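Residues 209 to 976 in my numbering are what the sequence shown lists, from first letter to last.
Heads up, the beta-carbon is just placed ideally off N, CA and C, and yes, glycines get one too.
Everything numeric in this text was worked out from a predicted model, so none of it was measured.
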Amino acid sequence: MIISWGKSLALERLDVSLSTKSLIIRFMVFFAVGFSLTFAFFTFLELRVLNEWMFSYSRTFSNFVEYEVKRWSEQYFHNVLLYTALAKDIAWLSERELTAFKESNPEVLKVSIVEANAEEIFPYPYRIQAREGLLQVRFLVFDDASRALVKDRGVEAVIDPQLVLHRLGMDEVVEIVSQDGRPFAFGLRVNYQKLWEGFYSTGRLVFSLLVGIFAAFLVLFFDYRKRLDVERALRREYKHQSQALRMMNEFFRSALCSDCSSLGYSQILERAVEVIPHAQGGSILARQGNFLVFEATLGYPLDALRQLRFGVDRLEARPECAAILRGEPALVTDLKRLLEVCLDKEVHQSLLQNLRFERVKCSLSVAIGVEGKLQAVLILDNFEEEEAFSSAEIEMLKLFAGQVSALWTRRTFEERLSFQTRELGVKSRILTEMLSFMKALLDPGHRFNYADILRKAVELVPGAQRGSLLLKAGEVFVFRAAVGYDLEKLARVTLTGEELSREMTPEVKVVRNLDELNRSRLSKEKLELLAESGREGTIRATLSVPLVLEGEIVGFFNLDNLEDPEAFGPGEIEIAQLFAEQISVVLERLRLEEKLEEQKRLLEHLSCHDPLTDLLNKRAFQEMAGKVLALARREKKPAFVLYLDLRGFKEVNDRFGHEAGDAILQVIAERLQKSLRENDVLARVGGDEFIIVIYGGDRNSVAGIAERIASSVREPLVWEGNVLSVAANLGIAIYPEDADTLEELVRKADLAMYRAKRNGASFAFFSE
């Protein structure tokens with residue numbers, strides 16, 4: 209692979225430089241340049257001649273027109289006959305004179321008498337202007353002596369300028385246009401196309417072509433000579449590169465076939481000096497922490513150099529060295545100055561005296577990295593020439609460093625793979641135990657126990673020696689389980705979110721300064737309780753694992769190590785996170801079961817109770833009242849059914865609305881419950897109707913209860929600043945005196961209630 213790369217490095221440049229396509233492109237470029245410059249030069253000269261000719265044509269045309277118009281003015285418009293005709297408005301005379309003028313001058317297309325203001329033209333006897341490609345001339349009319357003129361009238365003549373050009377012999381090269389032409393004379397515009405066509409010549413084109421071809425061949429000749437020299441140099445370079453790259457290929461092939469760990473710095477340096485042309489000595493600086501230290505040398509005493517240490521931070525701060533550390537090959541021709549920058553003055557002087565670094569004329573350096581991190585710096589030296597290393601040697605050294613980096617990366621990967629294999633075995637065992645534990649927790653017959661969960665977490669997470677479990681209770685966190693601590697004392701400590709030793713975030717955190725954080729956040733009493741429980745002053749590292757349910761943090765596993773601050777690494781964090789996720793599933797299941805049970809109880813309650821007053825509804829009343837009657841029948845004791853209706857409720861409801869009515873019903877329900885015994889049955893069976901079943905007693909005691917109920921209902925109540933009042937009418941039926949079935953007792957109690965309402969009484973017995 210390396211040999212093929214070296215071959216392409218030399219021959220590819222040669223093939224591209226001498227390809228037919230490249231030669232054709234160069235020929236076309238130089239031909240186009242030569243042709244264009246020559247053609248442009250001749251065109252420039254001809255344009256200058258064209259402009260001079262056009263200026264001459266314009267001047268000749270202007271002079272001729274001025275001469276003719278002046279002659280016409282003096283000959284035809286300084287005329288006493290025309291003056292008299294215009295002044296006295298003699299039409300036939302003016303027409304005769306103008307006709308004679310037009311017939312004598314064929315370039316005049318039209319002549320007419322027009323209104324004119326002499327002051328606009330005077331002191332000139334005429335005015336010339338262009339209009340729509342024609343010349344328009346206005347003449348003032350004088351008498352023969354030029355002493356008088358017609359002030360309000362004049363003569364306008366329209367002249368065809370193309371006929372004028374014909375008289376001058378210029379109509380074949382100049383054409384008058386009405387617009388889109390070039391300025392000519394008197395505001396006229398002309399087309400120079402005919403004149404330009406006259407200038408165009410095949411000779412100019414042919415000469416430009418010849419000059420372009422000659423220029424292209426001349427440049428290509430010198431370029432080809434230069435390329436032949438480059439070809440010879442590249443072939444020599446390729447020969448040296450092929451040999452060096454073949455050696456490099458053999459070295460790395462043998463390294464790949466053997467154990468990478470056996471490849472030392474000395475072997476790498478020796479092969480680099482052997483492979484890279486013009487390399488006569490060198491050294492390798494390996495990274496140890498934040499320093500670079502000599503690990504191999506060739507041409508220098510290694511023991512003396514090992515005493516030197518180069519700080520990486522100091523080197524990175526120097527532009528001369530920073531580029532090398534980033535992996536860019538650098539050519540150093542002044543090693544003495546570089547050492548002055550990188551070393552202290554005393555160390556630098558000792559180095560020059562004892563190690564004779566002044567012999568180095570040229571150094572080539574490159575950094576070797578593994579996974580983007582600096583591992584070593586390879587330096588090759590030449591002791592004879594300051595420009596010994598060319599760009600080819602720099603590329604070869606860069607390739608060499610890349611291959612070394614690949615070998616070291618492979619070695620690192622193999623070591624990491626071996627470690628991960630061992631770690632994977634440990635994790636597999638832990639996960640197996642974790643799954644078995646979770647399976648047991650999810651068993652419907654398993655009794656949920658926080659202590660068991662915490663104990664298993666301490667057992668499974670490597671490095672965990674003790675632990676505690678914090679769960680959220682309202683706005684605070686409380687200790688619900690502990691391993692290695694006194695839970696009785698810990699349970700007396702409550703922590704707010706601000707008092708926790710970590711932020712309320714879902715990430716697993718390692719806390720190494722727990723005692724310091726506790727002292728800064730907790731009160732003296734809480735610190736004393738923690739100390740008494742054994743959780744203060746002994747913990748070196750805590751792995752805080754949040755429990756998250758539905759996006760909310762509901763608790764924390766705190767796994768503690770009492771010996772090593774670095775006990776918890778990425779592997780331990782991963783296992784703890786996985787355990788917390790599984791426990792969150794268990795807690796989520798428990799929470800869902802509690803919610804379902806609560807919803808079940810709520811539905812059962814709603815099915816038996818009135819939603820407004822929370823009293824028994826009609827269905828539940830029938831069930832409960834039936835049980836009371838069955839008890840009374842079995843015990844042969846009386847039972848009383850009271851039917852209650854609110855008097856005045858409808859008026860309040862109509863006046864103040866349903867909200868006021870609902871408020872009254874809720875208050876009346878509370879008053880009724882306070883007026884009855886706990887085992888009495890109370891239900892709402894209509895809008896403002898209630899039924900009560902009382903077990904045992906006699907007529908007098910029940911009458912007292914009815915009177916107490918009526919009295920409590922009559923008490924006024926205040927709703928939104930309004931005093932509301934209602935009253936109660938009760939009807940009472942007695943088992944078994946009035947009836948022995950619930951339906952009959954209710955019906956008769958209802959009848960008794962209506963009798964009490966008619967009589968204006970608070971209550972009435974059916975049997976009265």
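Counting only runs that start and end inside the region 896-959, the beta strand (DSSP E) elements of at least 3 residues fall at 897-903, 925-927, 930-932 and 935-943. Burial is judged here by how many other beta carbons sit within 10 angstroms of a residue's own beta carbon; F974 has at least 16 and is buried. When DSSP states are grouped into helix, strand and coil, Y473 belongs to the helix group. DSSP, read as helix, strand or coil, puts A871 in helix.
Excluding its 5 nearest sequence neighbours in each direction, R479 has C-beta neighbours in its own chain below 7 Å: F459, listed in chain order. Within the region 478-522, complete alpha helix (DSSP H) segments of at least 4 residues are found at 510-513, given in chain order.
Where E760 is concerned, the enclosing beta strand (DSSP E) starts and stops at E760 to N769. Shown here for M378: same chain residues with a beta carbon closer than 8 Å to its own, the five before and five after excluded, namely Y265, T268 and F269 in chain order.
If you ignore the 5 residues before and after M832, its C-beta comes within less than 6 Å of the C-beta of V889, all in its own chain and listed in chain order.
For Q370, the enclosing alpha helix (DSSP H) starts and ends at P369 to L376. When the Cα atoms are used, E812 and G777 turn out to be separated by approximately 52 Å. In terms of CA proximity to A935, K858 leads the group K858, Q790 and A891. A direct Cα-Cα distance of roughly 25 Å separates V288 from V273. With respect to V585, L493 sits close: the two C-beta atoms are nearer than 8 Å. Boundaries of the beta strand (DSSP E) around G577: C570 to V578.
L953 is a Cβ neighbour of A947, given a cutoff of 8 Å. Excluding its 5 nearest sequence neighbours in each direction, S354 has C-beta neighbours in its own chain below 7 Å: H286, listed in chain order. Counting only runs of 4 or more residues that sit fully inside the region 803-873, the alpha helix (DSSP H) segments are 826-843 and 857-864, in chain order.
Counting other Cβ atoms within 10 Å of its Cβ, E622 stays below 16 and is therefore classed as exposed. Between R879 and V921, the beta carbon gap of about 6 Å places them in contact (Cβ cut-off 8 Å).
E696 is classed as exposed because its beta carbon has fewer than 16 other beta carbons within 10 Å across all chains shown. Under DSSP, the beta-bridge partners assigned to Y334 are F347. Around L679, the same chain offers R688 and G763 as residues with beta carbons nearer than 6 Å, after the five sequence neighbours per side are excluded. Cβ neighbours of R710 within its own chain (closer than 7 Å, five residues either side excluded): K717, V719 and S752. In the DSSP assignment, N721 falls outside any alpha helix (DSSP H), carrying neither H nor E. Going by DSSP, F309 is part of the alpha helix (DSSP H) stretching over A299 to S312. I747 sits in coil when the DSSP states are folded into three classes, being neither helix nor strand. In the structure shown, the three-state DSSP call for F776 is coil. Per DSSP, R885 lies in no beta strand (DSSP E) segment and is marked neither H nor E.
Distance between E305 and E311, taken at the CA atoms: about 10 Å. By the C-beta density criterion, D511 is exposed, having fewer than 16 other C-beta atoms within 10 angstroms.
In the DSSP assignment, E323 falls outside any alpha helix (DSSP H) and lies within the beta strand (DSSP E) extending over V316 to E323. In this structure, P537 and I476 do not form a Cβ contact; the two beta carbons are roughly 16 Å apart against a cut-off of 8 Å. When the Cα atoms are used, I913 and L884 turn out to be separated by approximately 8 Å. Taken through DSSP and simplified to helix, strand or coil, R710 comes out as coil.
Counting of Cβ neighbours within 10 angstroms places N861 among the buried residues, the total reaching 16 or more.
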